[in-house]
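Throughout the sequence shown, residue numbering follows this note's numbering, covering 4 to 183 in sequence. A short write-up of the structure that comes next.
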Amino acid sequence: MQIVPGIGSAAAPGLPVGRVIRVILSCLIVFSALCWPGAFGQPQPAVAGSTGGIRADGSLAFINAEGRVLVSITIEIADTPQARATGLMGRRGLDDSVGMLFVHDTVGPKSFWMRNTPTSLDIIFVSAKSRVIHIAANTTPMSDTVYSSNGPALYVVEVPAGFCTRHGVVEGTLISWQRK
């Protein structure tokens, strides 16, 4: 490439304009990738201690048949139609200290899917008497597979995949929750 005198930039006389533009664009791309990890669609791994952006609206305890607390978590409460429709869509990197509680207006069959949810979850369906009636474990991220309650439910709890196995949460386990 031959440099034509007077065709450079004011900051770098003698450099071809095309080269300066390529360098600037390259720097912008690298900067964007560093500042915005999801910009190129790469999944972000779960990190120990990561709340995945969960808002701390309250707490929830899972209680076994003997009345012993198996585990307690911080919960974001989804109790409006919009919050229930959005759920954990787009959230990544939940750890076992957090989850989302869906509080429905009526008791009845409940169905959930994983569309736009990049993290595998355990979906726990809970009766009006606060008893776990069904667990859809290790759901498939980003899928339209429908996971159903298999009975009348009032609440649904979403936690990271494998949570129920790790903490002994089974059908019949009770939940107790409170708002902050």
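Note that the Cβ used here is the ideal one computed from N, Cα and C, for glycine as well.
Ends of the alpha helix (DSSP H) at Arg87? For Arg87, the enclosing alpha helix (DSSP H) covers residues 84-89.
Checklist line | Range of the contiguous alpha helix (DSSP H) that encloses Thr148 | finding: Going by DSSP, Thr148 is part of no alpha helix (DSSP H) at all; its letter is neither H nor E.
### Buried versus exposed call for Thr120 [16 or more other C-beta atoms within 10 Å across all chains shown]
buried
| Should Asp147 be labelled buried (16 or more other beta-carbon atoms within 10 Å of its own) or exposed? | Result: exposed.
request  = Could you name the residues that DSSP lists as bridge partners for Ile136?
outcome  = As computed with DSSP, Ile136 is found in no beta bridge at all.
Checklist entry - Shortest alpha-carbon distance to Phe105 belongs to which of His137, Gly70, Thr89, His170? => result Thr89
* Asked: Residues in its own chain within less than 8 Å of Ala81 by CB, not counting five upstream and five downstream?
  -> Arg87, Thr89, Gly90, Met103, Leu104, Phe105, Val106
Quiz prompt | Touch test, the stretch 157-164 against the stretch 126-140, Cβ-Cβ under 8 Å, three pairs minimum | solution = yes
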